[in-house]
Each structure stands twice: as C-alpha cells, then as structure tokens.
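Novice: In the working numbering, the protein residues as written are 3 to 463.
Cβ atoms here follow ideal geometry from the backbone N, Cα and C, with glycine treated the same way.
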Amino acid sequence: MRNLLFCLMTLVMTSCVVAGPDYVRPLTAMPEQWQVEYQDVIARTDVQWWQQFGDQVLAELIIQAVRGNLDLRVAAARVDQYLGLVETSRSRYFPQIEAGGSARRDEAAGQSVDRYQAAFISAWELDLWGRIRRSVEAAQAQIAGSEAARRAVVMTVVSNVASNYIILVGLDQQLEIVRETRRSYAEGLDLFRIRLSHGAISQLELSQLESQYEAASQAVPRYESLIRQQENLLSLLLGVAPGPIIRGKVLDQLTVPGIPAELPSQLLERRPDIMAAEQDLVAANAAIGVASAEYFPRISLTGLLGTASNDIGSLLGSGTGIWSVAGAAAAPLVNFGSISGQVKQAEALQQQALFNYQQTVLAGFKEVEDVLIRIVKGREELEVQERQIRALEEYAQLARLQFEAGSSSYLEVLDAERTLFSNKLARSQLRSNLLAAHIAAYKALGGGWDAAAGHLASGQE
C-alpha cells in the first residue's frame, strides 16, 4: 500500500504535462540613457535616504510614520492574507485526511441493531495536468504582488512625510518673511507720520506705505492658517490626532541631496508599481493554465481506514477493522462551451495584465524623465532668482539713499521693497520645490531606499 502511494506521489510531483503557457517576461523597450544628462542624478540606494537632508527631526518623523501609519498596517495585513492563500493552494498537492465517526440504529422484524463506526478518510486529487501547480503559481504571484503593493505604500508614506515636512518649513520661512516685512513697514509708518506732520512727505506717500503695511498684515493670518493645515496633514500621515509638529532645521539649513551619474534604466524594475504589475501578469498567465486544465480528466483517490462495531464500548477494542481504497476519474464530455469560455476569459485577462504592465513601465520612464527635468531646471531657476534678489536688494538700498537725499520720491522705495518682498517669497517657494523634486526622484526610481523604510515599518533597525 505504501509503495503504491509513493509511486503515485512521484508520478504527480514529476509529471511534465502542465496546462497553459509558461510565463515569459515580455520585452519592453528601455532607453539606454535618460534624455536629461545630469551629473549626480540619484543618490545611493538601500540607505535611509532621508538622512541626506541633514535634519534629525525629519528622520524621526519618518520613523514614527512607518511604524504608526494605518495604511501601512492594512497593506501588511493584505500580505498575510495572500500568504494564507499560498498555504491553501500548496496543501492540495497532498492527501487531505479527515477523522469521522457515525452511529446508526436499524430496526427489522421487531429487533434493533446498533452500528458504530470510526475511521480516517482520505481524498487526494492527482495533479497530472498541472491545475494545482498553476493555482500555486498564481497564488505565489499574488503574494509577490501584495508585497510590492506594501512597498509602494511604504514609499508613498515616507515620501509624503518628507515632502510635506519640506512644505511646512517652507511655510515657516515665508511667514517669517511676511512678519519681517510687516515690522519694517510698521517702523516706516511711525517715522512717516512724523514727517507728514512736518510737511516733509505727501499724504500720497504715506497712504502708499499704509497700503503695503496692510497687505503684509493680511498675509500673516493666511500663512498661519496654511501652517496649521500642513501640521494637521502631517499628523494624519503619522497616525496621530491633529496637533503641532516639531521642527528641526529651517529651510535654508536643509542639505540638497547629492545625486550620482549614469542611471541604469533597469533601476525602474525595482519600482513597486512595476513589480506589482508584472506579478499581476504572472498570476493572469497561470490562470490560463488553471482554466485549460478543466479540459482534462480529474483523477482522484479516496481511502478509508477504521473500525466498526455493534457496541460502542468495543469500538476501539475488539471492533472489526474496515478499509477501502477507490479511484475515480471525471472528464468533461459536453459542456456547451463552458470551459472554452473560461479559457477565453483567462486569456483576455492575461492580455489586459500585459498591456497594463507595459503601460506601467512607460509611465515609470515618463515620471523619472519629468522629475529629472524638474531638478535640473529648478536649480537653474533658483540660481536666477537668487541673483535677482541680490539686484533688488541693491536697488532698494539705492532708492532709499536717493529718497533721503531728496532726489526721488518715496514711491520708488516702496516699489523696490514690494518687488523685493514678493521675490523673497518666490525664492522660498522655489527652494521648497527643488527639495521636493529630489524626494520625487527617489520615489520615481523606487531604487531600494523603500526597503530601508520597510525594515522600520516592521520594527527592525
């Protein structure tokens, strides 16, 4: 009996007839290099990249987020769900054994006869055509896809915390610019009211200064409101109730990350969305085999080993031993296109998964190209903005000197200071955008740094 079972298991595990096509990764055209030639393009991977900004508070917020964010917990639970599915699928390789018992009373000719039975019952489907193997293959692809999806959530949480922290400290700087400008205008107002009383300036000049003071004052509560909203958003990402967010360095103290050259296009294969799309394709490909296997007979073995007795007390003692072994085969004969319809559905789903994979790869290339352009052009724009601010500072100083000398109106001073004020705000926004673009570059490339965050999310150091 054992020799027969061993031979059957060997036959099943080594059978070479597997329904459906084997998975082959589709060819996707990849550029040899990016259109943007930029030295030091993306920083080293498999590191905690957020440390490169040089702000320990930011690093601590990210650690808090990956350990407390509720979306990450949902994604981790989904991985566990598919782990269970793999275990279920693999179990079908082996006999399924159950224990059972029965009690029955028969009555004939006025006499009652009791019949008790206890037995182990086994059922085993022989996977000669690979139906179970394709099911396992699909389940393994699903767990790989769910893990890639979890990594995508990690990547999104980390990058969102970093980028929103950058926005927050940028708003802090812009609020400080507004407050400093208002203080400057307030000092000028006190002086000009005295000058107006002595006839040294006109009411027009005083009114113009008052107008700019009020404009700066109006901007203060607007930026204060934006800061509170930004803190609430970060609190949500951290998985805590809305409240104040601690700060580390100010915007100008944050280090702009360095980026190495010669980006290989194969780096995009590490993007979680591309990995997930490919695993969807693997699962869809295996589903064709599962559907195609329905064309072939299902062969199964059943067995029973136990004991029977008319007395429950002697069931496990002197009861009569019973056993049986049976084989069964069922093959489809007429199903009016039911199986062929299932195969067509599976093939169509596989085509959808293929096109989705190809589209995801192309979208990845576009995203990387876009973010590299943002970094290159963002640096150029920031450099121009800084030169313009230096020129405006000199212009405002000269205009004030000319006014003090009585050779020009104070309206020229106000015009210069108003332009300088707006350009300082623009410079702060440009620096925030540049730092955010580097964060977007890490996310677009998915180059392994999310693995470091994944260890943090699971409580590892």
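Shortest alpha-carbon distance to Arg392 belongs to which of Ser410, Phe423 and Glu406?
Specialist: That would be Phe423, whose Cα lies nearest to the Cα of Arg392.
Novice: Can Tyr412 and Ile203 be called in contact, C-beta distance under 9 Å?
Specialist: yes
Novice: Output needed for Arg433: all residues of its chain with C-beta closer than 8 Å, excluding positions within five of it in sequence on either side, in chain order.
Specialist: Gly172, Leu253, Asp254 and Leu384
Novice: For a test of your reading of the model: does the CB of Arg185 fall under 8 Å from any non-hydrogen atom of the ligand GDP? Yes or no.
Specialist: Of ligands this structure carries none, so the ligand GDP is not represented either.
Novice: The alpha helix (DSSP H) spanning Ile248 covers which residue range?
Specialist: Per DSSP, Ile248 belongs to no alpha helix (DSSP H) and is neither H nor E.
Novice: So if DSSP puts Ala438 in a beta bridge, which residue, or which two residues, is it bridged to?
Specialist: DSSP, once it has assigned bridges, lists no residue as partnering Ala438.
Novice: Between Ile377 and chain C, is there a C-beta pair that is closer than 9 Å?
Specialist: Looking for chain C here will not work: only one protein chain is present.
Novice: Closer than 8 Å by C-beta to Gln390: which residues in its own chain qualify, once you throw out the five before and the five after it? Chain order, please.
Specialist: Asn425
Novice: Given a threshold of 16 other Cβ atoms within 10 Å of its Cβ, counted over all protein chains shown, does Pro244 qualify as buried or as exposed?
Specialist: By the neighbour-count rule (16 or more Cβ atoms within 10 Å), Pro244 is not buried but exposed.
Novice: Could you spell out where the alpha helix (DSSP H) holding Val68 opens and where it closes?
Specialist: Gln58 to Gly70
Novice: Helix, strand or coil for Ser409 per DSSP?
Specialist: Here Ser409 sits in coil by DSSP.
Novice: Taking the DSSP output, what are the residues bridged to Ala428?
Specialist: The partner list for Ala428 (beta bridge, DSSP) is empty, contrary to what the question assumes.
Novice: Just the C-alpha distance for Ile168 and Glu406, rounded to the nearest angstrom, thanks.
Specialist: The alpha-carbon atoms of Ile168 and Glu406 are separated by roughly 41 Å.
Novice: Based on the DSSP output, what are the partners of Ser237 in its beta bridges?
Specialist: None; Ser237 has no bridge partner.
Novice: Should Leu228 and Asn162 be called a contact, given that it needs their Cβ atoms to be closer than 9 Å?
Specialist: no
Novice: Which of the three DSSP states, helix, strand or coil, is assigned to Val258?
Specialist: coil
Novice: Would you mind working out which of Glu216, Ala278, Arg381 and Ala428 sits nearest Ala140, comparing C-alpha positions?
Specialist: Ala278
Novice: Under 8 Å by Cβ, that's how I've got Arg420 and Gln214 pegged, so tell me the actual separation to the nearest angstrom.
Specialist: 6 Å
Novice: Would you decide whether Ala446 is buried or exposed? Buried here means 16 or more other CB atoms lie within 10 Å of its CB.
Specialist: Buried: at least 16 other Cβ atoms inside 10 Å.
Novice: Consult DSSP for Val49 and reduce its assignment to one of helix, strand or coil.
Specialist: Interpretation of Val49 is limited by its pLDDT of 48, a score under 50 that renders its predicted location unreliable; the figure taken from the coordinates is listed afterwards. If DSSP states are grouped into helix, strand and coil, Val49 belongs with coil.
Novice: Could you tell me which of Pro274, Gln66, Leu283 and Lys379 sits nearest to Leu436, measuring between CA atoms?
Specialist: Lys379
Novice: Near Ala286, what residues of its chain come up, given a Cβ to Cβ distance below 6 Å and the 5 sequence neighbours on each side ignored?
Specialist: Leu351, Gln352 and Ala355
Novice: Is it the case that the Cβ atoms of Ala67 and Val160 are separated by a distance below 9 Å?
Specialist: yes
Novice: Hey, Gly56 and Thr183 are a contact pair by Cβ (cut 8 Å); roughly how many whole angstroms apart?
Specialist: Contact doesn't hold; Cβ gap of about 28 Å is too wide.
Novice: Thinking C-beta only, is Ser410 closer than 9 Å to Ala401?
Specialist: yes
Novice: Between Gln53, Ser219, Arg273 and Gln347, which lies nearest to Gly291 when the distance is taken from Cα to Cα?
Specialist: Gln347
Novice: Excluding the 5 residues preceding and the 5 following Gly250 in the sequence, name in chain order all residues of the same chain whose CB lies nearer than 7 Å to its CB.
Specialist: Asp57, Gln58, Val59 and Leu60
Novice: Where Ile441 and Gln210 are concerned, what is the direct C-alpha to C-alpha distance, given to the nearest angstrom?
Specialist: 42 Å
Novice: Among the residues of its own chain, which have a CB less than 7 Å from the CB of Ala418, if the five just before and after it don't count?
Specialist: Only Leu394, Tyr397, Ala398 and Ala401 meet the Cβ criterion.
Novice: Among Tyr444, Arg135, Gln54 and Ala154, whose alpha-carbon lies nearest the alpha-carbon of Asp275?
Specialist: Its Cα nearest to that of Asp275, the residue Ala154 stands out among Tyr444, Arg135, Gln54 and Ala154.
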